[in-house]
Amino acid sequence: MTGTARRRVRVGRFLTSWAFVAPALLFVLVFFGYPIVQNVVMSLQNYTTTTFYTGEAPFVGFANYADIFSNPIFVTTVINTALFTVGSIVLQFSIGLGLALFFKRHFPLSGFLRSLLLLPWLLPLIASAAVWKWILDQGSGALNQFLAVFGVAPVPWLVSPSLALVAVIGVNIWLGIPFNTTILYSGLQAVPEELYEAASLDGAVGWRAFWHITWPSIRSVVSVVIVLGVVYTLRVVDIILGLTGGGPANSTQTLATWAYQNSFVQFAFGRGAAISNVLIAVSLIFAIVYLYMNRKEVDE
32 MTGTARRRVR VGRFLTSWAF VAPALLFVLV FFGYPIVQNV VMSLQNYTTT TFYTGEAPFV
92 GFANYADIFS NPIFVTTVIN TALFTVGSIV LQFSIGLGLA LFFKRHFPLS GFLRSLLLLP
152 WLLPLIASAA VWKWILDQGS GALNQFLAVF GVAPVPWLVS PSLALVAVIG VNIWLGIPFN
212 TTILYSGLQA VPEELYEAAS LDGAVGWRAF WHITWPSIRS VVSVVIVLGV VYTLRVVDII
272 LGLTGGGPAN STQTLATWAY QNSFVQFAFG RGAAISNVLI AVSLIFAIVY LYMNRKEVDE
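Using the working numbering, the first residue of the sequence shown is number 32, and each one after it goes up by one.
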């Protein structure tokens with residue numbers, strides 16, 4: 032084959048590969064790239080409802096970022112976001128791992144019970160929020176009525192600044208357990224039983240078998256579950272708005288709900304975009320960690 036022919040073959044393969052990649056690349060650019068770029072541009076403008084009529088959005092530079100960083104609510108929302116995320120992820124993962132290990136034993140009706148666990152995941156979030164708001168209602172909520180049987184006074188789950196965030200975290204944990212259980216259970220299924228049989232001969236059973244066999248084997252799955260869980264939890268809006276609306280006294284206000292309220296309640300789209308970009312930056316950091324951890328697993 033001559034040099035010209037080889038070049039034609041390489042060019043043909045190059046164009047063919049790009050022909051397969053181009054649709055996906057175009058999709059990402061149109062539906063992900065453009066909105067992010069537009070969001071960054073909007074955060075540098077005084078973008079309000081009048082912009083829709085006049086078409087004018089004056090450039091204000093980093094004024095929107097200065098406004099949010101200097102706002103006293105910003106520190107509150109950052110703390111609430113951190114508590115909400117860490118509290119949700121730790122308990123979602125712990126309970127999900129415990130249930131995954133429990134269902135790995137294959138007992139009667141295990142498949143049916145696993146399917147029931149998916150119900151919170153399948154329900155619309157706003158519907159789940161409405162049900163939990165009724166359950167946690169101070170006056171006629173099902174939870175307080177149950178506690179009243181034991182002589183416990185009505186608890187203001189959603190109207191107390193000291194309890195509202197705890198209640199919201201609890202509901203979010205309930206919603207996240209199915210995801211954690213399903214993914215971790217799939218990871219456990221991929222661990223060869225021969226490893227446990229060989230380890231049992233050396234006396235590695237129970238906790239020792241989990242620490243030396245199960246955990247190393249599902250480490251890559253664990254990293255995916257945790258990182259994706261953090262990225263998802265950072266942007267949770269539906270549940271918080273449905274339960275408390277960010278109150279009382281901003282005790283459940285997170286960066287995600289604050290961005291929503293700035294954009295769609297106060298119609299300060301520029302500030303809302305700036306807050307959203309802060310969330311995007313945090314999510315990007317976790318995405319980089321996710322890619323790094325996956326690459327490390329492949330290298331090992």
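Where a beta carbon is used, it is the ideal one built from N, C-alpha and C, also for glycine.
Closest by C-alpha distance to residue i, when choosing among the options
i      : options                        : result
Leu154 : Ala88, Gly207, Gly64, Ile316   : Gly207
Gly129 : Phe241, Phe62, Thr264, Val296  : Phe241
Ala195 : Leu167, Gln176, Leu174         : Leu167
Ala229 : Gln176, Ile99, Ile244          : Ile244
Phe124 : Asp269, Ile99, Val253          : Val253
Met73  : Ala304, Val183, Ala312, Pro279 : Ala304
Leu122 : Gly201, Ile306, Gln220         : Gly201
Gly162 : Val199, Ser146, Arg239, Arg145 : Residue identity differs from the one stated: residue 162 is Val in this sequence, not Gly. The residue with the shortest Cα to Cα distance from Val162 is Val199.
Ile319 : Ile271, Val258, Tyr65          : Val258
Lys135 : Pro223, Gly172, Phe177         : Pro223
Ala312 : Ile67, Leu60, Ala55            : Ile67
Cβ-based neighbour list, residue i, same chain, cut-off 7 Å, excluding 5 preceding and 5 following
i      : result
Tyr267 : Residue 267 is actually Val in this sequence, not Tyr. So the qualifying residues of the chain are Asn203, Ala287.
Asn63  : Note on identity: in this sequence residue 63 is Phe, with Asn being the wrong assignment. Closer than 7 Å at Cβ, skipping near neighbours: no residue.
Thr80  : Phe298
Asp269 : Leu156, Ile157, Ala160
Thr212 : Gly127, Leu130, Ala131, Leu148
Thr116 : Val261, Thr264, Leu265
Ile271 : Val199, Gly277, Thr283, Thr285, Thr288
Ile306 : Ile99, Leu286, Trp289, Ala290, Asn293
Cβ-Cβ distance between residue i and residue j below 8 Å
i      : j      : result
Trp152 : Phe210 : yes
Pro249 : Gly277 : Checking the sequence, you will find Ile at residue 249 rather than Pro. No, these two residues do not count as a Cβ contact at 8 Å.
Val197 : Gln169 : no
Val261 : Ile120 : yes
Ile104 : Gln284 : yes
Contact belief for residue i with residue j at Cβ below 8 Å, rounded distance in angstroms
i      : j      : result
Thr107 : Asn293 : With 8 Å as the limit, Thr107 and Asn293 do not qualify as a contact, their Cβ atoms being about 14 Å apart.
Gly118 : Leu215 : Incorrect: roughly 19 Å between the Cβ atoms, too far for contact.
Gly273 : Ala160 : 3 Å
Asn70  : Ala88  : Asn70 to Ala88, Cβ: 13 Å. No contact.
Pro279 : Pro192 : 5 Å
Contact set for residue i: own chain, Cβ-Cβ below 8 Å, skip 5 residues either direction
i      : result
Leu75  : Phe90, Val91, Gly92, Phe93, Asn95, Gly301
Leu310 : Leu265, Arg266, Leu286, Ala287, Ala290
Between the CA atoms of residue j and residue i - distance to the nearest angstrom
i      : j      : result
Leu366 : Tyr84  : Lying outside 32 to 331, the shown extent of the chain, residue 366 is not represented and no answer is given.
Leu114 : Gly142 : 34 Å
Leu226 : Pro247 : 12 Å
Gly43  : Asn308 : 41 Å
Phe181 : Leu174 : 12 Å
Arg237 : Phe317 : In the sequence as presented, Arg is not what sits at residue 237; that position holds Gly. When rounded, the distance between both Cα atoms is 33 Å.
Ile157 : Arg38  : 58 Å
Val296 : Phe138 : 51 Å
Trp188 : Ala179 : 14 Å
Ser101 : Leu315 : 23 Å
Val52  : Leu46  : 10 Å
Leu149 : Leu140 : 15 Å
Thr275 : Trp49  : 49 Å
Thr112 : Tyr263 : 12 Å
Trp165 : Trp205 : 15 Å
Tyr323 : Ser146 : 33 Å
Phe58  : Val183 : 55 Å
Leu56  : Arg41  : 21 Å
Ser251 : Gln220 : 14 Å
Contact with chain D by residue i, beta-carbon distance below 8 Å
i     : result
Phe93 : Among the protein chains of the structure shown there is no chain D, as only one such chain exists.
Sequence-distant residues of the same chain with beta carbon closer than 6 Å to residue i, five excluded per side
i     : result
Thr82 : Ala88
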